[in-house]
Amino acid sequence: MEITLAHYLVLSGVLFAIGLIGVMRRKNLLMLFFATEILLNATNIGFAAISHYYNDLTGQMFAFFIIAIAASEVAVGLGLLIVWYKRTGKIDLDIMTSMRG
Amino acid sequence: MFEAIAFYLFAALTIGMFTITVMTSQALYALTAMAAGMIFISAFFFILGADFLGVIQIIVYTGAVMALYAFGMMFFDTTRTMVEKRENPRVIFLLGVLAATLVVFILISPIVSGHLEARYPIDAAVGNSQAIGMILFTKYLVPFEVAAVMLLVAMIAGIVLAGKKMDKSLTLMAEEEIARISAIQTSQDAKEGVH
Amino acid sequence: MLEPIHVSLASLNITTLAPMLIAIVGALVILGIDLVKEGLHKSFYVMVSLLFLLLDLGSVIDFGNIFLKNGPILGMFDMMLIDGLAILGQIIIVVGSMLFIPLALTSKRFHEYNYPEYFSLFLFMIAGFQFMVATDNLILIFVGLETASLALYALIALHNRSKSFEAAVKYFTMGALAAGFFAFGSMIFYAITGSIEINQIASVLAADHYANIGYVLVAVSFLLAAFGFKLSMVPFHTWTPDVYEGSSAALAGYMSIVPKIAGFIVAMRLFEFLVHSGVVWLQVVLYIAVVITMTASNIWAMVQTDVKRMLAYSSISHAGFVMAAILIGTTQSNTALFLYWALFSFTNLGAFTMLWVSRQKNLLPGQSSDHPYEKFAGLVKTMPMAAIMMALFMLSLAGIPPFGLFWGKIYIIASAVTGGYTVLALIMALNSAIAAYYYLKLIVFMFMKEPVTGYEKYYFTNASLSLKTIIGIAAIGTIFAVFAVNPLLKVITLFVYNSGY
Amino acid sequence: MQEHILSILIFFPALAAMLGFIVHKDSARAYGITVAAIEFFLSLWLWNLYDPMTSGMQFMEKAPLVAAFGINYLVGIDGISLFIIILSTFFTMIGIASLTETRRVKDLIITLLFLEMTMVGVFAALDAIVFYVFWELSLIPMLYIIGAWGGPLRIYASIKFFLYTFTGSLVMLVGMLFMAYFYYQATGQWSFSILEWYRLILPENFQLWLFAAFFVGFAIKVPMFPFHTWLPYAHGQAPTIGSVILAAILLKMGTYAFVRFSLPLFPDAAVFFMFPIAILAIIMIVYTAMVAYAQEDIKQVVAYSSVSHMGVIILGTFALNVEGISGSVFLMIAHGVVSGALFLLVGVIYDRRHTKLMSEFGGLASVMPRYATIFGIMMMASVGMPLTINFVGEFLSLLGFYKQSHAFTLVAGTAIIVGAIYMLSAYKKMFFGNVTKDENKNLKDVNRTELLALVPLVIITIWLGVYPKPVLEPISNSVESIVQLMHDKAQTKEAQARIPDLANQGAMNSQQETH
Amino acid sequence: MEIYLYIALFAPLVGSLFAALFGATPKTMLTGIVASGLLFLSLVSSAILLNYVMMGHTVHVEMMTWIATGDLYIPYGFVVDQVSVVMMMVVTIVSTVVHVYSIGYMDHDKGFNRFFSYLSAFVFSMMVLVMSDNFAGLFIGWEGVGLCSWLLIGFWYHKESATWAANEAFIMNRIADLAMLIGIFIIYWNIGSLQYDVVFAEIANLPMPIITWIGIFLFIGAMGKSAQFPLHTWLADAMEGPTPVSALIHAATMVTAGVYLVVRANPVYDLIPDVGLFIASLGAFVAIFAASMALVNRDMKRIIAYSTLSQLGYMFVAAGLGAYWVALFHLMAHAFFKALLFLGAGNVMHAMHNELDPFKMGGLRKVMKGTFIMMTLASVALAGIYPFAGFFSKDLILEAAFVENHYIIYAVLLFTAGLTAFYSFRLVALIFHGEERYKLFGIHPHEAYKFMLVAMAPLLILAIIAGSFKLSYFELVTNLLPAVEYHIHHPMTYWMITIGTQLFVILAVLLAYKKYASWSSVPDGTSKLENCFCYKLLSNQYYIPKLYEELFSKPYRELSRIAWKQIDLKIVDATVDGIANLIYQTGEKTHTMQNGNLSSMLRWMVIGLVVLLVLAVAFTVGYNAVTMRAM
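Residue numbers (the working numbering), protein chains in the order written: chain A, 12 to 112; chain B, 0 to 194; chain C, 21 to 521; chain D, 1094 to 1608; chain E, 920 to 1550.
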């Protein structure tokens, strides 16, 4: 039984879906950010796999940049969370409903 | 064979870990599970011959990102059990499963293409890091530099947002109050200058 | 062993980076100045930023001349692509930014303008958008996009009140999700074409005769979701009103112009070859998306009670309108897109500046948002000129001739007609009628109602000479747009046509 | 100056309006009257310069606006537009002169002057987009007038007015763009010039669709049944000046546009739709006359009567022969004068009593004899008494349509009956009987200012009723060229049969005589 | 001669305008005198023109263009020929008399000046009507007299009944006018001109059905003005106007315009004898129908009005049978004696303080000798007793009917003649003879001003001697009208019929005198006669006004209300508002989707993605299926 590209892509898809569930499910902003990391990681697996099977480095490059992006996002995201937390003392997103309609 | 076993093993592990991350109500578990999941993903990278990526994955994610998150967790005091209100959990799962099914349905079909060509072929003779370095500093030089700018932006943003200056909001203060404060500020500065 | 690569500087075309580098250098200079001397007045930073943007604009225009002579310019290992779209996009980005930056010169002090970093981040953001439009490599698009977005999140949050934090967090979180979509979509394209450059993707797909149709569609779905978020297509639009409301009016106006044009250009590069490929699915989906975006946002805008939120929904609707140009995908429609956006920038600049000058710091009792309609009630009696200006911008947004946006509107509708989308043209026209209702509502409040006491001292309190000048520029641009349309049209057509769109 | 008289005529009021911001508010009314009078005399001068024997466009001016897209500032007039322009300037002058509004007069004057620009612009425009620009622009001052100086429901009424007409005209805009596209396909050039569009012969099915698109815009403006419901609200809530201008000029834009666009551009479609439109017109005539009869508010009676009369105009227009179209164009002017005067008259009584309910009045003839006389004259003009201005138009319109359909004309002719019913009964309720209400006992008769506005209207009503030639002749000449154009372009057999061929008619007649 | 034409035509207009100048000011005798003087001028001019025409000339002028567009050309053209000059004479004579009379009659009225303005305007319109040389010009006059009639019926506008009657008259006339317009349209589109000379020259070339339609529509037009059944109800109600108005408009001139039209259009009707027969039959029917209503009516003016109606029926019989000159002759004679009758009635009314019920009068001959004589003589003339005017004209109509072998019409007309005599003298008897019942009501009657009686004198004379003009009249008008002599060739039959008729009429007169000359009480609705069905039917005018009210007015009013409240507001407008509301409500309901919760915002994004994916997969599956099948 050989592991094909499809296996990896499916894995990537499944992990992405898990990430989606997390994104939708989480009310704690910090945990919500975890889920967004899962999304990016899921994609990374796909890129690495394609890169491997196509014998092409571009995929790895993409994955590399995705990691960089993920890291930057964490920095900004945590910064935002900190100001929010300082102001409200909570990081529950359900209290963030002052604007609606 | 080994590849298959490794794939299924790590696939199961990553899925398991990420599921815990998503489902658990303990922030600490979630964090740990995610860190573990990241490391398992790096295993895939090693399997796939992307050694450089694997290393980066461990260093950046598990080393830096997770550390940041752990720091954040402590700051936000979320070590205790989370109480999260759930609305329509079924809908969420339905959407998730549906998305997975649909994507998988398409992704299991074979890719037919006569025009796939590796633009930056992996040369088996060259180490992965070297090869990556080669194209990173030629073809992907610009994105690389932009990524650097991006990180700079993220850094500035993080510092500014988390900084002390944000504690008082000029936006909400009346003009007179701002004037008063800045007057105090300047007098303090002047004093400091004297000392 | 790996062969050393010999690169000649000339073949690199390193100048293609010039515009973005100018912006980045500007940002760094501002940071540097701050290190040397603290506490400089915001006007200093505004002017420094303007100077750098001027240089930036100059270099872009320079490229414009070269482009018209030699056609598209590639640079930096073909990573940079300076074609007509890139040039037009950058011009709109830079000019838009130049018009919005002076909005920092309010007479009242707001938190963000106290930071030199604010202006630095602003310039970084501009550089990010410029990278985004000046390439067809998905990686650089992604990185440029994130650079700009991350800066933007910070800029929103720097306004420093709980609503702006809320807005920033919402925007950020959804942005992260959208980034996931973008990455996954790119991955699938990569999987079926082995490439992440749009023109190569296009050629491989064409060569394969779209054999992997399922993959293509899934990839397009993800990318559509990602750009749907950026361009605020329904149902990915939900951030728009909240973010606009939460951020300062100046920034909200900016967001309605500059990030969107960057998004449109990428969307044009990405979707137009698909539209032309004969993939019916994409046409249908885009058609539905465009119609729903226009109509739904119009309908929601009708029921808003806050002017800024109304303008947010209106900008969603305008984006849907312009998205139609991508669906139609002819040279005329692409020209129309730029024309529309150029005219839209002026009008929206005016509208948001009008909100900005009437910004109050603390809400009155019973007031739930910054700019409720009641605030403008009877404005014509207290400040006739302001009321007339505001009405002018509203009428332009509603597409009443001869004000600016009307010319964009007819050109887009005309392109729909010539492109064979007659029904779409009708839907677009009728949507303008729905839209007229809510723009009119503000006019009704300003001209036909009695003033509500309590608000009168806030009108124009935030105004300064520079803000008034900006309003004046916007008004002139809106009123006399008709004389600018012809030259604009000629230039844009030239650029768009020569880029092969 | 003569070459640019139209541009002067269009932009002079706008410029004056701008300068009006500087005028002190106490002098605003005088300023308005002055400007409007100058404008009116300019338009009379235009009439003087106009060569009534030429049927084509005169005083044409052209300047490129968006050359790449074929949009030009192109204006010019023929006999059809000339008099409506004079009517516009005249009514603006009359309207401002008779202004009794005291709230924010300056704003009102400025708005009116802007409105005047748009009105003159619409009728002078020969480029579809320029036409559209003025067409839409005219909504805004009117919106403001109704919305700011109107009655209790003014906001509802003004928004309804605006949105309704705006929606219709957007559909029309799509039609215009389509038309330009056809022109582009045929010639490789973009053009919005109506005159150039005239040369285009379209396939019939396209004509039908385009006709329909234009129709929506025009029909709402006219307003034709069933798109008329905005009108009673607009009139009911608008201040006197608003109603006067709305009824006298703005409604004419729709009917004018039918003559200017729909007929010459789509002759086959015009023939195809002739009977459906005639049915609508008849419904307008009879049904709205009945509705008018049921009204309790005198202003609403006049408002619905407007709709009813517009039905006759439409009918005349779609007679597609010289008699009918000339008649309908003449009736546009006639109806403008008469309904404008009637609204002014309603305004007179409203100023005194602040009510428009007919039940509040009664016996006014003895209290205000001069008022009753003028009202009576105008009412009789409205019901189409010969030797008043309306009769000429109504007679010709019906006469024209009789050629196309006998039965329809018979039904439409009931206009003269049902019109008399509601008008006379309204007049009876207001003026006849004994004075029952104490408030009415000491009402003042029309004063000098009001007479200043009303007497010229009475004079015109009778002058043009007795001697319509100075107006009718230029109209007729221009209409002849339109009808000839339509005949030359007609493709279907039916259209060729229904649209008379003027060029060969003379020859045929002489042939008949020789036999 | 043209100058006389213009004087005849425009003198009344000048008078009217002059009077109008003083319209709002209190009474000035001047207006009455000037208006009357100008009318006299018009009369003189007409007489000069008559003289000129009798010498065999006609005057035809074209003053200026009225309407000209396309092929249509309508000038203000006037013609004085044999027919119009007769009408001009009738109009000017009667109106001059009425004007002078009115100076006295309207003496105490506030609206004195206004009255003369209207009255002269009416004369002007009537002159336009008769002098016009084309159908459009005729229509101007036609509508003009309608307008003046409206003004004059509603002259006392504070009276509800007067204004109601005015409106009724106007609207009913309008119904007929529509038909007239249609007739004009038919003429124009088939002949291309509206000038009488052109039309009458070309009419014979037209196909029969078209001529028939022209005839029918023009006649319907005539029916309205001449108050023929079923458009007759307005005439009786029009008696609400001042009595001189009734004399001038609703007896002598305007109501005869219909007859004039038919006479004028004789070349048309000559070609369509079937329509002519219908006209005659309708005329006969109206004659007896109106006479029957006059029998029981208790309103002096209405009785005379019904008699007018009845006489108009006679005229239409003549016109319908082709005896145009006879019709015109009767028109003329009738104008004189009927105007006289009305003016006399006016005197009585004045004397009786506007009391109209003859049963409340009686014995007035003592106080009002002059009026008594005049009215009696006028009634004799009306009854058609030799040698008064009525005899010559009315007998001719009977003869014509007889000669043309329409015996039923003849019989009807003969019977009507009897009825005419009966109701005329019933009136005379009730007013002037018998007990002085007015005393019960405390009225002190007095004779009218002397000058009023003097003014009436010319009419009296004409009523007596008009018959003697017959020959010269015949010679004059037959230049233009078909010169058919209606003579019963068998002398025996002729004398039998003539004398028989006379006897029958005199019998009826005597009967009326016998029954009413000694009337003593005022009926109060309790007598047996008053309660019998026939009486009720007649006194309620065959319930026709009621029928119209129920059948047309009420439903129209109701329908109008429905059209407004139900259709316009609840359907048409509600649809528009409904669409707008639907859009707005959709917004209200769905904008909660934006609930501000980040979780649901994210969920919306995922939903969007899933929807796209579903579409993608569905399309792929479908696409693959199609391509598979294609393979």
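C-beta: ideal position from N, C-alpha, C; glycine also. As the structure is a prediction and not an experimental result, all values here were calculated from the model.
Look at the beta carbons and you see the region 1475-1485 of chain D touching the region 1057-1067 of chain E: at least three pairs across the two are nearer than 8 Å. Any Cβ of chain C closer than 9 Å to the Cβ of residue 110(A) would place that residue at the interface, and such an atom is present. Within the same chain, 1132, 1206, 1209, 1210 come within 6 Å of residue 1106(D) by CB-CB distance, once the 5 residues on both sides are set aside. For the alpha helix (DSSP H) assignment, the uninterrupted runs of no fewer than 4 residues enclosed by the region 34-91 of chain A are, from N- to C-terminal side, 40-65.
At a C-beta separation below 8 Å, residue 128(C) has these neighbours in chain B: 174.
Scanning 121(C), 418(C), 335(C) for the CA closest to the CA of residue 142(C) turns up 121(C). Scanning chain D for C-beta atoms nearer than 7 Å to the C-beta of residue 1079(E) yields 1526, reported in chain order. Closer than 8 Å at the C-beta level to chain C, one finds these residues of the region 1264-1281 of chain D: 1264, 1266, 1267, 1270, 1271, 1273, 1274, 1277.
Between residue 1065(E) and residue 1041(E), the alpha-carbon positions lie close to 9 Å from each other. For residue 1151(D), the uninterrupted beta strand (DSSP E) run begins and ends at 1151-1159, by DSSP. For residue 144(B), the three-state secondary structure derived from DSSP is helix. Straight across, the Cα-Cα distance linking residue 399(C) with residue 406(C) is about 7 Å.
By DSSP's assignment, residue 996(E) forms a beta bridge with 981(E).
Counting only the Cα atoms, residue 933(E) lies some 20 Å from residue 968(E). Secondary structure within the region 1329-1405 of chain D: the alpha helix (DSSP H) runs of 4 or more consecutive residues, fully enclosed, are 1333-1338, 1344-1350, 1360-1365, 1367-1387 (chain order). Rounded to whole angstroms, residue 340(C) and residue 445(C) show a C-alpha spacing of 13 Å. In this structure, 1582(D) is the residue among 1582(D), 1344(D), 1137(D), 1126(D) with its C-alpha nearest to the C-alpha of residue 1364(D). Apart from sequence neighbours up to five positions away, the residues of its chain that approach residue 158(C) with a beta-carbon distance below 6 Å are 206, 216, ordered along the chain.
For the pair of segments examined, the region 1521-1536 of chain E was found to touch the region 191-198 of chain C: the number of CB pairs separated by less than 8 Å reaches three. For secondary structure counted as the alpha helix (DSSP H) over 4 or more consecutive residues, the region 1320-1378 of chain E holds these complete runs in sequence order: 1326-1351. Neighbours of residue 457(C) across chain D, judged by C-beta separation under 8 Å: 1252, 1256. The beta-carbon of residue 1533(E) is placed less than 9 Å from the nearest beta-carbon of chain B. The alpha-carbon separation between residue 1242(E) and residue 1288(E) amounts to approximately 39 Å. DSSP, reduced to helix, strand and coil, places residue 1169(D) within a strand of the structure shown. In terms of CA proximity to residue 169(C), 189(C) leads the group 180(C), 154(C), 189(C), 155(C). Short of 8 Å from the beta carbon of residue 177(B), and not among the five residues preceding or following it, lie these beta carbons of its own chain, in chain order: 169. Closer than 8 Å at the C-beta level to chain A, one finds these residues of the region 1487-1514 of chain E: 1510, 1511, 1513, 1514.
Annotation: residue 1407(E) is outside any beta strand (DSSP E) and is labelled neither H nor E by DSSP.
Residue 103(A) has 39(A) as its beta-bridge partners, per DSSP. Residues of chain C with a Cβ closer than 9 Å to the Cβ of residue 1340(D) do not exist; the shortest Cβ-Cβ separation is about 21 Å.
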